[in-house]
Amino acid sequence: MAVLNLRIPLTEYALLEERRTIIDSIKRESYKYGSTELHKLDVYMPPTSDSKSSSRPPILLFFHGGSFTHGGRLWPHRELVHTNLGAFFALKGILTVIVDYRLVPSVTYPGGSEDVLEALNWVSRNLKDAGDTDRIFIMGHSAGGVHVAGFLLNPMTCTLSSPFRGVIFIGVPYEIPAANKVSVHFRAAAEAYYGSAKNVASHQPLGMLRRARDEWISRLPPVRNLIAAREPRYISSAARTFAQLYASKGGSIETGVLDGHDHTSPIFSLCSGRTEGWGTDVAEWVRCQ
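Using my numbering, the letters of the sequence shown map in sequence onto residues 34 to 322.
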């Protein structure tokens, strides 16, 4: 059975430790964007010396994975995890925001997607001087991507005037199968978040997409749908189904396979000096939008 806990291989973390000086060189500031202690985010500023023009940099918001129940912008005892992502994209000239959000059992649907909206609105209001708030992008990995998808596919949270230019999904479980096909913990967490097994089916990303109006999907910003070459089969299969249905409704979506990666390794790879080409591709896509 596939387990979606964000496990951190010691060998991969050691590569980040070797580059700690580079990672720690990026300016990071922490802020509170909502009412609870989990409503916090870290802002990573691009080095001013790397700026090629006087224009403000694009902004990337990142929502971490963690099976709905754990994870954070700073990983306990492995604080370079997610810090590496913020530093990587900042070094590419992108103002990067790593967002904490409420976790099960402290939140139920649609609270996670509401946190995406609240963080987006906070960034739009408060980072105008630091970044280009007309060029905001949202990235979600695994369960964080589920919340981003819930935001994107719900006209109550995502309006056509919402201040973002594009979305990047990485290893998102668009469809959460029964417990005999996925870890018992992950399925239980999903049912706790959505409220029941029936609600999982209707409110998970594929369920929401099936109900979404074609006119709505066709007017949303472009989506990058990234899956690792060694994803659990239910994730890679659902990702392709999601992309086909999204495109059939008129949505702009591009699917890419991250060769040499499993479900979690894309996150660890950034700033490691190895297999981080996917991040360079995403940075280029962001800059070109």
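The beta-carbon is built from N, C-alpha and C at its ideal position, and this holds for glycine as well.
Rounded separation between residue i and residue j - CA only
{"i": "I127", "j": "C321", "result": "12 Å"}
{"i": "A276", "j": "I209", "result": "16 Å"}
{"i": "G173", "j": "A47", "result": "25 Å"}
{"i": "S175", "j": "S194", "result": "26 Å"}
{"i": "D83", "j": "E224", "result": "Per-residue confidence for D83 stands at a pLDDT of 49, beneath the threshold of 50, marking its modelled position as unreliable; no derived number is given."}
{"i": "T141", "j": "V233", "result": "12 Å"}
{"i": "L185", "j": "G306", "result": "32 Å"}
{"i": "A211", "j": "Y226", "result": "15 Å"}
{"i": "S63", "j": "L160", "result": "13 Å"}
{"i": "A245", "j": "H236", "result": "11 Å"}
{"i": "L49", "j": "R106", "result": "16 Å"}
Of the listed residues the options, nearest to residue i (C-alpha basis)
{"i": "I55", "options": "W249, L124, A47", "result": "L124"}
{"i": "N154", "options": "G284, I59, I92, G306", "result": "I92"}
{"i": "T81", "options": "I59, K65, F95, Y64", "result": "I59"}
{"i": "A182", "options": "R243, L74, V137, A316", "result": "R243"}
{"i": "I260", "options": "G289, G312, E70", "result": "G289"}
{"i": "G204", "options": "R53, D292, E45", "result": "D292"}
For residue i, the three-state DSSP class (helix, strand or coil)
{"i": "T81", "result": "helix"}
{"i": "Y64", "result": "strand"}
{"i": "I55", "result": "helix"}
{"i": "E112", "result": "coil"}
{"i": "I131", "result": "strand"}
{"i": "L48", "result": "helix"}
{"i": "R273", "result": "helix"}
Cutoff 8 Å; reference residue i; Cβ partners in own chain excluding five residues on either side
{"i": "E309", "result": "F121, S302, L303"}
Cβ neighbours of residue i in the same chain (closer than 6 Å, five flanking residues each side left out)
{"i": "V256", "result": "V200, I286"}
{"i": "G177", "result": "F96, H97, G98"}
Beta-carbon contacts of residue i that lie in its chain and below 7 Å, excluding the five residues immediately before and after
{"i": "G240", "result": "A234"}
{"i": "A280", "result": "I286"}
{"i": "S251", "result": "K282, G283, G284"}
Interface flag, residue i vs chain C, CB-CB below 7 Å
{"i": "G178", "result": "Absent from the structure is chain C; it holds one protein chain and no more."}
Could you tell me whether the region 258-274 touches the region 292-301, where touching means 3 or more Cβ pairs closer than 8 Å?
-> yes
Counting pairs of Cβ atoms below 8 Å between the region 147-159 and the region 182-194, do you hit three or more?
-> yes
Examine the Cβ distances between the region 148-167 and the region 100-118 and report whether three or more of them are shorter than 8 Å.
-> no
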